[in-house]
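Novice: For the sequence shown, our numbering assigns the number 450 to the initial residue and increments by one for each residue that follows. Glycine included, each C-beta is placed from N, C-alpha and C at the ideal position. The structure displayed is predicted, hence computed values, not measured ones. Below is one structure. I have some questions about it.
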Amino acid sequence: MGGERPLWGCPEYRRFSQRNGYGRTPPESSWRSCGRECVSNPGSAIVWSASGGTAAVINGLEAVYPEAYVLGPAYTVEVAPGDNLALHHAIGLAPAGTVLVVGNGGQQTAHLGDILAQACSERGILGVIIDGAIRDRPEIVKQQFPVFHVGTSPAGPAKDGPGAVERPVVVRGTRVEPGDIVCADADGVAVVAAGDWERVRGEIAALEAREAEIMARIAAGETTVDIYGLKELS
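Next comes the structure, spelled out in structure tokens:
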């Protein structure tokens, strides 16, 4: 569940990608040099486990490409089904380093395509988690912009509203508050209350170390039954 990777919002990663083509991983010296916490980003499974099971989960979303990953505070957006007016406004309002979490989109029309994905990237938004469809998927994959969504549609949305930002939203039945820490990858999305993040973050390194030890013991020939001290089958 662990492993180092560059943060997709890392400015050094973005500059490398623009120079050398999206989809290539920059050398470690590049994405370590920006001075930000751009390595050792935990996966959603690690975050959930480190929370002690208190993190909420969002299931049923699809990563726009298999390696898509995002970790950051939620900037919440409520759109009307089939309409993305609020999403346009949110891209202009959201602080850099946040993740747009969009509720109530629906699947009949797309709410985000390559233009809005590029707009997000240029403004430093780390990714989008949307309870709705997208389009222009191949172009978004080329951009290497992380999006987690429900299906695709060639149909475009209206831009009439209503909508809102910075209010609680519900994504696939899970409530997300503004500022909650969201971690999304191919496994799904873990949602940690903002006030609990420091505790959870403090558990992550210890948990990753324990998992590394377990992997080493498995490689040495031990069984998981013995490692975990599991009871016998009855």
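What residue range does the alpha helix (DSSP H) around residue 540 cover?
Specialist: For the purposes of this step, residue 540 is identified with residue 91 of the sequence shown, where counting begins at 1. Start and end: 534–542.
Novice: So, are the CB atoms of residue 637 and residue 519 less than 8 Å apart?
Specialist: For this step, residue 637 is matched to residue 188 along the sequence shown. For this step, residue 519 is matched to residue 70 along the sequence shown. Contact flag unset, no.
Novice: Go to residue 585, then tell me how far its alpha helix (DSSP H) extends in each direction, as first and last residue.
Specialist: Here residue 585 refers to the residue found at position 136 of the sequence shown. Unbroken run through residue 585: none, as it is neither H nor E.
Novice: For residue 496, decide whether its Cβ has a neighbour in chain C, counting only Cβ atoms nearer than 8 Å.
Specialist: Absence of chain C from the displayed structure is noted, only one protein chain being present.
Novice: Do you know whose CA, among 514, 573, 683, lies nearest residue 542's CA?
Specialist: One-based indexing of the sequence shown puts residue 542 at position 93. The option with the nearest alpha carbon to residue 542 is 573.
Novice: Would the stretch 615–629 count as touching the stretch 558–570 if we require 3 or more Cβ pairs under 8 Å?
Specialist: The stretch 615–629 vs the stretch 558–570: no contact.
Novice: Should residue 593 go down as buried or exposed, given a rule of 16 or more other Cβ atoms within 10 Å for buried?
Specialist: On the sequence shown, position 144 is the one that residue 593 refers to. Result: buried.
Novice: Taking only runs that begin and end inside the stretch 614–653, name each unbroken alpha helix (DSSP H) of 4 or more residues, in chain order.
Specialist: Taking only runs of at least 4 residues, no alpha helix (DSSP H) segment lies wholly in the stretch 614–653.
Novice: Identify which residue in 538, 522, 493 has its Cα closest to the Cα of residue 609.
Specialist: In the sequence shown, residue 609 corresponds to position 160, counting from 1. The residue with the shortest Cα to Cα distance from residue 609 is 538.
Novice: What does the alpha-carbon distance come out to for the pair residue 579 and residue 560?
Specialist: The residue you call residue 579 lines up with position 130 of the sequence shown. The residue you call residue 560 lines up with position 111 of the sequence shown. Near 9 Å, if we compare the C-alpha coordinates of residue 560 and residue 579.
Novice: Where does residue 593 fall in DSSP's three states?
Specialist: Counted from its first residue, the sequence shown places residue 593 at position 144. Three-state result, residue 593: coil.
Novice: Spell out the partners DSSP gives residue 598 in its beta bridges.
Specialist: For the purposes of this step, residue 598 is taken as the residue at position 149 of the sequence shown. Paired residue(s): 511.
Novice: Taking the beta carbon of residue 524 as the centre, do at least 16 other beta carbons fall within 10 Å, making it buried, or is it exposed?
Specialist: Taking the first residue of the sequence shown as 1, we reach residue 524 at position 75. Label assigned to residue 524: buried.
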